[in-house]
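Chains A, B and C, in that order, give the protein sequences.
First residue of the first sequence? That's 1 in the working numbering, and the numbers climb one at a time after it.
First residue of the second sequence? That's 1001 in the working numbering, and the numbers climb one at a time after it.
First residue of the third sequence? That's 2001 in the working numbering, and the numbers climb one at a time after it.
Glycine included, C-beta positions come from ideal geometry on N, C-alpha and C.
Nothing here was measured: the structure is a model prediction, and the numbers come from that model.
All remarks here apply to the structure that follows.
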Amino acid sequence: MIYVPGLFIALTALWLALSGHGEAFMLGLAAASVCLSLILTMRLRLMGREASPYHRLAPMARYAVWLMGEIVKSNLAVLHTIIEPSARLRPRLVALDADGRSELATALFANSITLTPGTVTLEAARDGLLVHSLHEGADEHEEFAPMAAKSLLAADGRG
Amino acid sequence: MLEAIAWIGSAFIIAAVGLSIAGAVGVLRFPDVYTRIHAASITDTGAASLMTLGMLLMAGLSPAAIKLCIVWLFIMLTSPAAAHALAGAAFGSGHRPILGDPRRPSEDET
Amino acid sequence: MLAAGVAGLLIAMGLMVVRLLRGPTAYDRVLAVNSFGTKTVLMIALMGFAVGRPDFLDVAIVYALINFISTIALMKVFRLRSLGEPLARLSMSRETPDA
């Protein structure tokens, strides 16, 4: 069980960063709140490999950097649609296959889709995603292919 | 030098406010809930990121910088969850998205 | 400069109020409230800098959390009340479902 000390360290660091207090009384309150959070997390059975994927931190960080670039691009695209009077809206629904992803990979992919403006995940299930997209794309499945591949690589470690 | 960084920070903040207004205009202009969610997510991602960057440049290395990063992280983690809950609930209750070109209703549109 | 930023955010929030009042569906209104909340978080943080009190950031953090939880709670209420195909495992096809 590496997850309990891991979460303990993370919560303590968060508390210290947010408060900056060092008196004994405040530290006691901090210990109490950290312990309460730990107990609640265990009661909800949220502790585990899926909830805190330490083994995938480095690929996730690389993926986050790539995702930032995508967010900038799609922000500009949606901004263009808003401020250009002649810009055409062409909303459509796209169904994407699950391709045998783990739940972590599905969650990461669905979240990435929703985080980039212009695409929203309507439904995320084990057998696929249903996505609402704002723009006309050349080919709907090609458009999501890079994000699908990269999120799968980041979460599951396979391409 | 510090002056220059503060000015760049202000420029980021003004750009963020511009994005935020653009997102609000989009929420007013777009035809249905689903398209409006796209416009609103500009404010959630673009404007929040730019504004955090701008304020980070103005704050420099300080406890406030850590808190700014935490605010940004919260917004980036929660906004897709909220948008998905909204879109999923609207879709699950039977609201149909407008598809195709809304200004020229075609025959396949119901 | 910061004052101009706060004023701009207030304009954006005003536009959100227009969407909130116009609707037409409840989901539009919740979207408007959620987006209004995000702008409020940014404005609180900005005002903290404008008046030189970074403690405002704590308020911004709490506001961001409340904003998220309220949206999720509202959507949960909406979902469980709607009896028409709740928690939909609707068709994964391209067509919109027949409501």
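Using 8 Å as the limit for Cβ to Cβ distance, is C:Thr2040 near chain F? Within the model displayed, chain F is absent; protein chains A, B and C are what it includes.
Which residue's Cα is closest to the Cα of A:Leu16: A:Ala31, A:Tyr3 and A:Gly6? It is A:Ala31 whose Cα lies nearest to the Cα of A:Leu16.
Strictly below 7 Å CB to CB, what residues from chain C border B:Thr1043? Those within 7 Å of B:Thr1043 in chain C are Ser2035, Thr2038 and Lys2039.
Going straight from the alpha carbon of B:Glu1107 to that of A:Thr116, what length do you get? Confidence in B:Glu1107 is poor, its pLDDT being 40 and thus under 50, which makes the residue's placement unreliable; the coordinate value appears in the next sentence. Each residue's alpha carbon lies about 31 Å from the other.
Where does A:Asp127 fall in DSSP's three states? Per DSSP, reduced to three states, the secondary structure at A:Asp127 is coil, with no helix or strand assignment.
Just the C-alpha distance for A:Ala24 and A:Gly48, rounded to the nearest angstrom, thanks. Their Cα atoms are separated by approximately 32 Å.
Segment contact flag, the segment 1047-1064 of chain B with the segment 1003-1015 of chain B, C-beta cutoff 8 Å, min 3 pairs: Counting Cβ pairs under 8 Å, three or more are found: they touch.
Exposure of C:Val2051, with buried meaning 16 or more beta-carbon neighbours within 10 Å: The residue in question, C:Val2051, is exposed, as its Cβ has fewer than 16 Cβ neighbours within 10 Å.
Excluding the 5 residues flanking A:Arg101 on each side, which residues of the same chain have their C-beta closer than 8 Å to its C-beta? So the qualifying residues of the chain are Phe109, Leu152, Ala155 and Asp156.
Own chain partners of A:Pro59 with C-beta closer than 6 Å, once the 5 adjacent residues on each side are dropped: So the qualifying residues of the chain are Ala154.
Proximal residues to B:Pro1097 (C-beta, below 7 Å), its chain only, five neighbours per side dropped: Beyond the five residues adjoining it in sequence on each side, B:Pro1097 comes within less than 7 Å, by CB distance, of Asp1032 and Tyr1034 in the same chain, given in chain order.
Runs of alpha helix (DSSP H) lying entirely within the segment 26-100 of chain A, each at least 4 residues, in chain order: Segments of the alpha helix (DSSP H) lying fully in the segment 26-100 of chain A: 57-83.
Amino acids of chain B, ordered along the chain, whose beta-carbon sits closer than 8 Å to that of A:Arg92: Leu1099 and Gly1100, listed in chain order.
What residues match up with B:His1038 in a beta bridge as DSSP calls it? DSSP output for B:His1038 lists no bridge partner at all.
Where do the N-terminal and C-terminal ends of the alpha helix (DSSP H) with B:Ser1020 fall, by residue? From DSSP, the alpha helix (DSSP H) with B:Ser1020 extends over Leu1002 to Arg1029.
Compile a chain-ordered list of the residues in the segment 1071-1097 of chain B whose CB is closer than 9 Å to at least one CB of chain C. If the cut-off is 9 Å between Cβ atoms, the segment 1071-1097 of chain B has Val1071, Phe1074, Ile1075, Leu1077, Thr1078, Ser1079, Ala1081, Ala1082, Ala1083, Ala1085, Leu1086, Ala1087, Gly1088, Ala1089, Ala1090, Phe1091, Gly1092, Ser1093, Gly1094, His1095, Arg1096 and Pro1097 near chain C.
Check this for me: beta carbons of A:Val78 and A:Leu130, under 8 Å apart or not? For A:Val78 and A:Leu130, no; Cβs fall outside 8 Å.
Alpha carbon to alpha carbon, what distance is there between B:His1038 and B:Ala1081? One Cα belongs to B:Ala1081, the other to B:His1038, and the distance between them is close to 14 Å.
So the candidates are C:Tyr2063, C:Ile2061, C:Leu2057 and C:Ala2064; which of them puts its Cα closest to the Cα of B:Ser1062? That would be C:Leu2057, whose Cα lies nearest to the Cα of B:Ser1062.
Just to confirm, is the Cβ distance from A:Pro146 to B:Leu1099 under 8 Å? Not a contact, by the Cβ cut-off of 8 Å.
Look up A:Leu134 in the DSSP assignment and say whether it is helix, strand or coil. Residue state for A:Leu134 is assigned as coil, using DSSP reduced to three classes.
For B:Ala1004, which residues of its own chain have a beta-carbon under 8 Å away from its beta-carbon, when the five flanking residues on both sides are left out? Here the set comprises nothing.
Under a Cβ-count criterion, where at least 16 other Cβ atoms within 10 Å of its own Cβ denotes burial, should C:Ala2060 be classed as buried or exposed? With 16 or more Cβ atoms within 10 Å of its Cβ, C:Ala2060 is classed as buried.
With a threshold of 7 Å, establish whether the CB of B:Thr1035 neighbours any heavy atom of the ligand MN. Looking for the ligand MN in the displayed structure turns up nothing, as the structure carries no ligands at all.
Is B:Ala1016 near C:Ala2012, with beta carbons less than 8 Å apart? Going by C-beta atoms, B:Ala1016 is not nearer than 8 Å to C:Ala2012.
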